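*Asks:* There's a structure below that I have some questions on.
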Amino acid sequence: MSEHDHEHDHEHEHEHDDGAGGALASAGYGPAGARESARANRRWWDGESTGYLQAHGATLGRDRLVWGPEGLDEEDARLLGPPGALRGRAVLEVGCGAGQGARWAAAQGARAVGVDLSAGMLARSRALDAQLGTRVPVLQADAAALPLADAAVAVAFSAYGALPFVADAGRVLAEVARVLQPGGRWVFSTTHPVRWAFPDDPGPGGLTADRSYFDRTPYVERDADGRLLYAEHHRTIGDWVRLVGAAGMHLVDLVEPEWPERPQPAWGGWSALRGRLLPGTAVLVCSRP
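Residue 145 in our numbering sits at position 109 of the sequence shown; the count goes up by one each step and never skips.
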């Protein structure tokens with residue numbers, strides 16, 4: 037997820053200081069540009085990296101690829117290909133956070149690398165490598181400017197990484213298409229767009245829509261001086277389909293994981309109550325011709 041960035045709980049105000057600006061003063065919906073969003077979210081993830089893993093590390097694991105709060109695990113889903121498909125292949129995790137997904141891919145025999153904007157999250161990845169005795173290369177970079185050559189990787193993926201937090205998702209998808217080899221696969225998960233219309237409440241209050249699904253105004257948090265501390269950007273399902281096509285890729289599948297029957301802990305607004313009635317995660321499986 038990404039900290040894989042799992043999405044922030046929008047509509048929940050958070051009492052935090054971003055480490056470089058003021059404390060949270062307002063939360064709601066308003067404009068947020070590409071550079072402003074990147075700066076704010078980099079600072080936010082740098083400041084929250086340790087606490088994020090303390091809160092969610094048990095769910096995410098240290099070397100698993102989990103596609104979302106529903107607990108869909110790549111060991112079972114095999115959206116990147118059948119067992120053995122990654123062996124010997126170059127694989128990229130975009131928005132890798134603490135590198136759990138890239139670490140899982142490396143264990144499958146892939147030549148895996150992770151990219152993330154947050155130095156704090158990458159430090160957590162290196163710390164996990166030290167604990168586990170693994171070594172997964174990670175690079176600090178913007179997902180809209182990947183530090184890789186054209187056609188460098190056979191497979192790329194992102195589990196709640198980068199895409200919910202960027203103003204120009206089309207640019208990120210174009211970069212992924214650039215670094216993918218012909219015939220390559222790109223799989224990414226993000227908050228299911230329908231959730232945007234509902235409050236981030238895991239209980240009954242989260243079952244009644246209170247804003248338009250079609251309103252693409254970003255969710256933003258700002259300090260008392262108006263400085264952006266955090267931003268999320270919304271796209272409809274149709275937007276995502278068009279963005280994939282505009283990047284020159286084909287949409288192969290759209291997976292909407294159901295909430296499992298087994299016990300699965302709530303994560304912010306994701307819960308068993310909501311997850312059995314409404315989709316919480318969308319996983320788009322794409323290929324580059």
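Glycine included, C-beta positions come from ideal geometry on N, C-alpha and C. Remember, predicted model here, so these are calculated numbers, not experimental data.
#1: Return the bridge partner residues of Asp109 from the DSSP annotation.
#2: From what residue to what residue does the beta strand (DSSP E) around His286 run?
#3: For Trp306, write down the residues that DSSP places opposite it in a beta bridge.
#4: Please confirm whether Gln144 and Leu96 have their CB atoms less than 8 Å apart.
#5: Would you mind reading off the limits of the alpha helix (DSSP H) that contains Thr86?
#6: For Asp45, which residues in the same chain have their Cβ closer than 7 Å to its Cβ, ignoring the five residues on either side in sequence?
#7: Between Arg324 and Trp222, how many whole angstroms is the CB-CB distance? I'm expecting something under 8 Å.
#8: Compute the Euclidean distance between the alpha carbons of Leu128 and Arg310, then round it to the nearest angstrom.
#9: Relative to the C-alpha of Leu122, which residue among Ala141, Ser225, Gly133 is closest?
#10: Tell me which residue opens and which closes the beta strand (DSSP E) that Asp259 is part of.
#11: Which residues in the same chain as Thr272 place their Cβ atom closer than 6 Å to its Cβ, once the five residues preceding and following it in sequence are excluded?
#12: Nearer than 7 Å: is that true of the beta carbon of Ala210 relative to any heavy atom of the ligand HEM?
#13: Hey, quick one: how far does the beta strand (DSSP E) through Trp14 stretch, first residue to last?
#14: So Ala192 and Val215 are supposed to be a Cβ contact under 8 Å. How far apart are they, rounded?
#15: Going by C-alpha to C-alpha distance, which of Pro119, Ala198, Gly66, Arg278 sits closest to Val34?
#16: Report buried or exposed for Glu106, applying the criterion of at least 16 other Cβ atoms within 10 angstroms of its Cβ.
#17: Which of the three DSSP states is assigned to Phe201 in this structure?
#18: Provide the residue(s) that pair with Glu129 in DSSP beta bridges, ordered along the chain.
#19: Which residues does DSSP list as the beta-bridge partners of Ser62?
#20: Would you mind working out which of Tyr196, Ala283, Val172, Arg312 sits nearest Glu294, comparing C-alpha positions?
#21: With a Cβ-Cβ cutoff of 8 Å, do Leu115 and Val280 count as a contact?
#22: Excluding the 5 residues preceding and the 5 following Ala302 in the sequence, name in chain order all residues of the same chain whose CB lies nearer than 6 Å to its CB.
#23: List the DSSP bridge partners of Thr317.
#24: Specify whether the stretch 58-74 and the stretch 197-211 touch according to this definition: at least 3 beta carbon pairs, one from each stretch, less than 8 Å apart.
#25: To the nearest whole angstrom, what separates the beta carbons of Val321 and Val288, a pair I think is in contact under 8 Å?
#26: Rank Ala138, Asp246, Leu184 by C-alpha distance to the C-alpha of Thr170 and give the top, closest one.
#27: Closest to Glu211 by C-alpha separation, out of Phe234, Thr226, Leu184, Ser225, would be which residue?
#28: Can the beta-carbon of Arg263 be found less than 8 Å from the beta-carbon of Gly58?
#29: On the DSSP bridge list, what partners appear for Ala267?
#30: Would you decide whether Asp246 is buried or exposed? Buried here means 16 or more other CB atoms lie within 10 Å of its CB.
*Replies:* For this structure:
#1: Here the question's residue 109 lines up with position 73 in the sequence shown. Beta-bridge analysis with DSSP links Asp109 to Val102.
#2: Residue 286 sits at position 250 when you count from the first residue of the sequence shown. For His286, the enclosing beta strand (DSSP E) begins and ends at 286-291.
#3: For this step, residue 306 is matched to residue 270 along the sequence shown. Trp306 is bridged to Trp303.
#4: Counting from one through the sequence shown, the residue named residue 144 turns up at place 108. Counting from one through the sequence shown, the residue named residue 96 turns up at place 60. Against a cut-off of 8 Å, the Cβ pair of Leu96 and Gln144 comes out as no contact.
#5: Here residue 86 is taken as the residue at index 50 of the sequence shown, counted from 1. Start and end: 70-96.
#6: Position 9 of the sequence shown, counted from the first residue, corresponds to residue 45. Model confidence at Asp45 stands at a pLDDT of 43, short of 50, so the residue's coordinates are unreliable and nothing is read from them.
#7: Here residue 324 is taken as the residue at index 288 of the sequence shown, counted from 1. Here residue 222 is taken as the residue at index 186 of the sequence shown, counted from 1. About 7 Å; that satisfies the 8 Å criterion.
#8: One-based indexing of the sequence shown puts residue 128 at position 92. One-based indexing of the sequence shown puts residue 310 at position 274. If I take the Cα positions, the gap works out to 32 Å.
#9: Numbered from 1 along the sequence shown, position 86 holds the residue referred to as residue 122. Nearest C-alpha to Leu122: Ala141.
#10: By one-based count along the sequence shown, residue 259 stands at place 223. Taken as a continuous stretch (DSSP letters only), the beta strand (DSSP E) holding Asp259 covers 255-259.
#11: Your numbering for residue 272 matches position 236 in the sequence shown. Counting only residues of its own chain and dropping the five nearest sequence neighbours on each side, Thr272 has a CB closer than 6 Å to the CB of Pro229.
#12: With respect to the ligand HEM, the structure offers nothing, as it holds no ligand at all.
#13: Residue 14 lies beyond the stretch modelled for the chain, which goes from 37 to 325, so this question has no answer here.
#14: Locating residue 192 in the sequence shown gives position 156, counting from the first residue. Locating residue 215 in the sequence shown gives position 179, counting from the first residue. About 7 Å separates the two Cβ atoms, so the contact holds.
#15: Residue numbering for the chain in the displayed model covers 37 to 325; residue 34 lies beyond these limits and cannot be assessed.
#16: For the purposes of this step, residue 106 is taken as residue 70 along the sequence shown, with counting starting at 1. Glu106 is buried by the Cβ-count criterion.
#17: In the sequence shown, the residue the question calls residue 201 occupies position 165. Helix.
#18: Indexing the sequence shown from 1 puts residue 129 at position 93. Beta-bridge pairing links Glu129 to Gly150, Phe193.
#19: Counting from 1 along the sequence shown, the entry for residue 62 is found at position 26. Ser62 is bridged to Arg258.
#20: For this step, residue 294 is matched to residue 258 along the sequence shown. Of the listed residues, the one whose Cα sits closest to Glu294 is Arg312.
#21: The residue you call residue 115 lines up with position 79 of the sequence shown. The residue you call residue 280 lines up with position 244 of the sequence shown. Taking 8 Å as the Cβ cut-off, Leu115 and Val280 do not qualify as a contacting pair.
#22: Walking along the sequence shown from the start, residue 302 turns up at place 266. For Ala302, the CB contacts under 6 Å within the same chain, skipping 5 residues up- and downstream, are Pro238 in chain order.
#23: The residue you call residue 317 lines up with position 281 of the sequence shown. According to DSSP, Thr317 bridges with Thr227.
#24: Counting Cβ pairs under 8 Å, three or more are found: they touch.
#25: Locating residue 321 in the sequence shown gives position 285, counting from the first residue. Locating residue 288 in the sequence shown gives position 252, counting from the first residue. Their Cβ separation, rounded to whole angstroms, is 5 Å, which keeps Val321 and Val288 in contact under 8 Å.
#26: Walking along the sequence shown from the start, residue 170 turns up at place 134. It is Ala138 whose Cα lies nearest to the Cα of Thr170.
#27: Translated into the one-based positions of the sequence shown, residue 211 becomes position 175. In this structure, Leu184 is the residue among Phe234, Thr226, Leu184, Ser225 with its C-alpha nearest to the C-alpha of Glu211.
#28: Reading the sequence shown from its first residue, position 227 is the one you call residue 263. Reading the sequence shown from its first residue, position 22 is the one you call residue 58. Yes. Within cutoff.
#29: To locate residue 267, count along the sequence shown from 1; it is residue 231. The secondary-structure analysis by DSSP pairs Ala267 across a beta bridge with Val256.
#30: Stepping through the sequence shown from its first residue, residue 246 is reached at position 210. Answer is exposed; the Cβ neighbour count stays below 16.
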